[in-house]
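Numbering (our numbering), first residue to last: -7 to 147.
Rendered as structure tokens:
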């Protein structure tokens, strides 16, 4: 029997290869540095900045999901931001994604959040089909990233 449960400190090292697989799936680079130490302080602080769940099947972890609570300026309300949802290929299309999303919906309700937001690459056809099956509304936006230069001259 599989189990979706909150992430625990003992899971952090096992999260690294799952993040690597996730990055490869999305065609991105994952560079291992000191994530485990940083995750420890993010997940397990008195007021956590990151929340997570894993698929634990009494062996290697088979999936993970992480989220944050953010605030939308226009709505002036908190929302849950789904940062990552990854399932190993061997357990896809078996209901784990729906169970993970149900877990996240309960979490949103517990934290008085009326909305969950997330992003996925436009070529993630499997993921997009799954999200559409949940009746999620697809928004058209482009995501940008800017590396912050710690230089007083930068402005």
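Built from N, CA and C at the ideal position, the CB exists for glycine as well.
Residue i, enclosing beta strand (DSSP E) - first and last residue
i          : result
residue 62 : 55 to 64
residue 71 : 69 to 79
Burial state of residue i, where buried means 16 or more other Cβ atoms lie within 10 Å
i           : result
residue 54  : buried
residue 140 : exposed
residue 101 : exposed
residue 37  : exposed
residue 87  : exposed
Through-space distance from residue j to residue i, alpha-carbon basis
i           : j           : result
residue 8   : residue 131 : 30 Å
residue -5  : residue 57  : 13 Å
residue 107 : residue 52  : 32 Å
residue -7  : residue 49  : Summary for residue -7: the model assigns pLDDT 48, below 50, so the residue's position carries little reliability, and this model does not support an answer.
residue 22  : residue 39  : 27 Å
Boundaries of the alpha helix (DSSP H) in which residue i is found, first to last residue
i          : result
residue 48 : No alpha helix (DSSP H) contains residue 48, which is instead part of the beta strand (DSSP E) from 43 to 48.
residue 39 : Counting along the chain, residue 39 falls outside any alpha helix (DSSP H), and DSSP gives it neither H nor E.
residue 5  : 4 to 17
Closest residue to residue i among the options (Cα-Cα distance)
i          : options               : result
residue 17 : 142, 124, 138 and 116 : 116
residue 19 : 0, 114 and 27         : 114
residue 42 : 13, 88 and 75         : 75
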